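Numbering (UniProt numbering), first residue to last: 1 to 152.
This report refers to the structure that appears directly beneath it.
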């Protein structure tokens, strides 16, 4: 079963007219001009495309954050770790709403959340020993080798 022919006024119909050596009507010629205009690399065509808004101008969705907990007067110094933990909590509250309304911004928030987690981990593990260094391992191996050589 053959495919249906494209209706007049489309670029496909314009090409069909040319293929069949038929007279090109005004609608198809306009479709051809529009098609070639979108593919043009001239400065005027690029400027015309740039001037057209690609998406309708809609105001960004407002996202309501939960009300902050009643604050008490803080006289002590707030540590960087506390600030990062609060930030992480806010990000976790905001993420489900953003996933539904603006997935692109949700991705950025998740990336920021990973950075926050990485910073928290660095602060918490700053004093922790990461194990023996390579120099320690080499020194231990040399000592064991020297002990074997002395004993043999």
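A virtual CB, placed ideally from N, CA and C, is assigned to each residue, including glycine.
Just so you know, these numbers come straight off a predicted model, no measurement behind them.
Within 10 angstroms of the Cβ of residue i, are there 16 or more other Cβ atoms? Answer buried if so, exposed if not.
i: residue 153; result: Because residue 153 is not part of the residues shown, which for the chain are 1 to 152, the question remains open.
i: residue 116; result: buried
i: residue 84; result: buried
i: residue 31; result: buried
Looking at residue i: is its Cβ nearer than 8 Å to the Cβ of residue j?
i: residue 110; j: residue 88; result: no
i: residue 98; j: residue 92; result: no
i: residue 28; j: residue 17; result: yes
Between which two residues does the alpha helix (DSSP H) harbouring residue i extend?
i: residue 133; result: Unbroken run through residue 133: none, as it is neither H nor E.
i: residue 101; result: 80-101
i: residue 13; result: 11-19
Apart from the five residues just before and just after residue i, which ones in its own chain have a Cβ nearer than 6 Å to its Cβ?
i: residue 118; result: none
i: residue 10; result: 31
i: residue 151; result: none
Counting only the same chain and skipping the five closest in sequence on each side, list residues whose C-beta sits under 7 Å from that of residue i.
i: residue 12; result: 6
i: residue 25; result: 8
i: residue 82; result: none
Near residue i, which residues of its chain fall below 8 Å by C-beta distance, leaving aside the five closest residues on each side in sequence?
i: residue 112; result: 91
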